[in-house]
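Input: a single structure, listed below in structure tokens.
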Amino acid sequence: MEDAKMGNAATIRAVLAILQWWGFNVTVIIINKWIFQKLEFKFPLTVSCVHFICSSIGAYIAIKVLKTKPLIEVDSEDRWRRIFPMSFVFCINIVLGNVSLRYIPVSFMQTIKSFTPATTVILQWLVWRKYFEWRIWASLVPIVGGILLTSVTELSFNTFGFCAAMVGCLATSTKTILAESLLHGYKFDSINTVYYMAPFATMILSVSAMVLEGSGVVSWLYTYESVGPALAIIVTSGVLAFCLNFSIFYVIHSTTAVTFNVAGNLKVAVAVLVSWMIFRNPISAMNAVGCAVTLVGCTFYGYVRHLISQHQATVATSGGGPRTPRGRLEMLPLTAEKQGDKI
13 MEDAKMGNAA TIRAVLAILQ WWGFNVTVII INKWIFQKLE FKFPLTVSCV
63 HFICSSIGAY IAIKVLKTKP LIEVDSEDRW RRIFPMSFVF CINIVLGNVS
113 LRYIPVSFMQ TIKSFTPATT VILQWLVWRK YFEWRIWASL VPIVGGILLT
163 SVTELSFNTF GFCAAMVGCL ATSTKTILAE SLLHGYKFDS INTVYYMAPF
213 ATMILSVSAM VLEGSGVVSW LYTYESVGPA LAIIVTSGVL AFCLNFSIFY
263 VIHSTTAVTF NVAGNLKVAV AVLVSWMIFR NPISAMNAVG CAVTLVGCTF
313 YGYVRHLISQ HQATVATSGG GPRTPRGRLE MLPLTAEKQG DKI
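Using our numbering, the letters of the sequence shown map in sequence onto residues 13 to 355.
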């Protein structure tokens, strides 16, 4: 009876964690799109900078004041040698996501982001010369096919927005790969990641935003009718961006890897539906099919990775040690990559 109660409590906690993760994620995406489209604040660098400022403050309060998570100590030298390069790539990732939101619908942007598993595998194969089982390559087929179908049938296609989203996928993959090597020895959670990376990102973006968008922001402040409420919405998006990071920390510790993967793909579907209900961007039937195929492919990819991870763990614990693959076959980290949206 006691076990049953604990099981029910764990299930309820996992469901609540997923729902609040979905809520923060969808809200941040919708507010950002609202800022660019409805408030006519077409300055993605500035919006990203505000997000990083709010995240820096939020992470400091969470760790130093509220002590919700112990601080992982990092040497001063490692902060510049290891964390700064990742922060730079982190900046590129977030900025390109906001740039793509300015030019293409949320539904299209979210579908393109689902291409990240494919770019991660391809980058490791081309640049780092890693090789993967045929099942990994096979699981990428529906992802690539769905992205192609969605792109060809997208009624609001914009070349610049599409390219920004695709390069953003490459930046996300690069960040994931760099984390394996640069952060080796540090077991960062999402809050500590933001604590160390957000200040660097703020420093990088503040300079570029002032140089490239400063005059435009000043002009907007003088010409926009309701500046006060608009600024409140922009700052709110930054606060919610930090809450999103905190929600990721909570959901990772409340669900399994498989549940996290499935919930992540369903989250994309929820974001697409909500954005369509608000912005009413046209979506053709074939475009919807392409989006669905992509999400199914991502779920299949996560399932394949989970099966391989379980097999490797079984072999390792059976006393025989991990099986040595043929050639230089290497797999992505299957248990450590429980990552979601950051900032």
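We put the beta carbon where it would ideally sit given N, CA and C, even for glycine.
Anyone know if the C-beta pair for residue i and residue j falls short of 8 Å?
{"i": "L57", "j": "A242", "result": "no"}
{"i": "I30", "j": "A281", "result": "no"}
{"i": "C103", "j": "L217", "result": "yes"}
{"i": "F212", "j": "I95", "result": "yes"}
{"i": "I116", "j": "G173", "result": "yes"}
{"i": "F291", "j": "K45", "result": "yes"}
{"i": "G35", "j": "G109", "result": "no"}
{"i": "P154", "j": "V284", "result": "no"}
{"i": "L167", "j": "N273", "result": "no"}
{"i": "Q136", "j": "I69", "result": "no"}
{"i": "A71", "j": "Y207", "result": "yes"}
{"i": "V86", "j": "Y198", "result": "yes"}
{"i": "V26", "j": "S266", "result": "For clarity, residue 26 is Ala in the given sequence; the question names Val instead. Yes, they are a contact pair."}
{"i": "S126", "j": "L307", "result": "yes"}
{"i": "T132", "j": "S185", "result": "yes"}
{"i": "K81", "j": "I203", "result": "yes"}
{"i": "A177", "j": "M222", "result": "no"}
{"i": "V301", "j": "L161", "result": "yes"}
{"i": "S296", "j": "T165", "result": "yes"}
Could you spell out where the alpha helix (DSSP H) holding residue i opens and where it closes?
{"i": "L51", "result": "Element bounds for L51: n/a, residue is neither H nor E."}
{"i": "A297", "result": "297-329"}
{"i": "H265", "result": "Here H265 belongs to no alpha helix (DSSP H), and DSSP marks it neither H nor E."}
{"i": "W137", "result": "128-138"}
{"i": "L167", "result": "Neither: L167 is in no alpha helix (DSSP H) and is coded neither H nor E."}
{"i": "V62", "result": "56-72"}
{"i": "P7", "result": "Residue 7 lies beyond the range of the chain shown here (13 to 355); nothing can be said about it."}
{"i": "V118", "result": "118-125"}
Considering only the alpha carbon of each residue, which of the options lies closest to residue i?
{"i": "L224", "options": "C61, V118, S185, A177", "result": "C61"}
{"i": "F312", "options": "Y236, G158, K76, L152", "result": "L152"}
{"i": "L182", "options": "V327, I124, N257", "result": "I124"}
{"i": "C303", "options": "I260, G240, G157, F272", "result": "G157"}
{"i": "F254", "options": "A26, M209, S287, F64", "result": "F64"}
{"i": "R147", "options": "A325, L278, Q324, I320", "result": "I320"}
{"i": "L8", "options": "S287, M222, A244, A221", "result": "Lying outside 13 to 355, the shown extent of the chain, residue 8 is not represented and no answer is given."}
{"i": "V111", "options": "D201, F48, Q322, S296", "result": "F48"}
{"i": "F200", "options": "T39, G314, I264, L28", "result": "I264"}
{"i": "V101", "options": "K187, E145, D90, W92", "result": "K187"}
{"i": "A130", "options": "A325, T326, Q322, R317", "result": "R317"}
{"i": "G226", "options": "I24, T23, V59, L28", "result": "V59"}
Got a sec: does the ligand ATP put a non-hydrogen atom nearer than 7 Å to the Cβ of residue i?
{"i": "V327", "result": "No copy of the ligand ATP appears in this structure; indeed no ligand is present at all."}
How many whole angstroms separate the CB atoms of residue i and residue j, which I take to be in contact at a CB cut-off of 8 Å?
{"i": "C310", "j": "N257", "result": "Not quite, the Cβ-Cβ distance comes to about 21 Å (not below 8 Å), so this is no contact."}
{"i": "L252", "j": "I43", "result": "7 Å"}
{"i": "S249", "j": "V40", "result": "6 Å"}
Ignoring anything shorter than 4 residues or poking outside the stretch 181-237, list the alpha helix (DSSP H) runs there in chain order. 202-235, all fully within the stretch 181-237.
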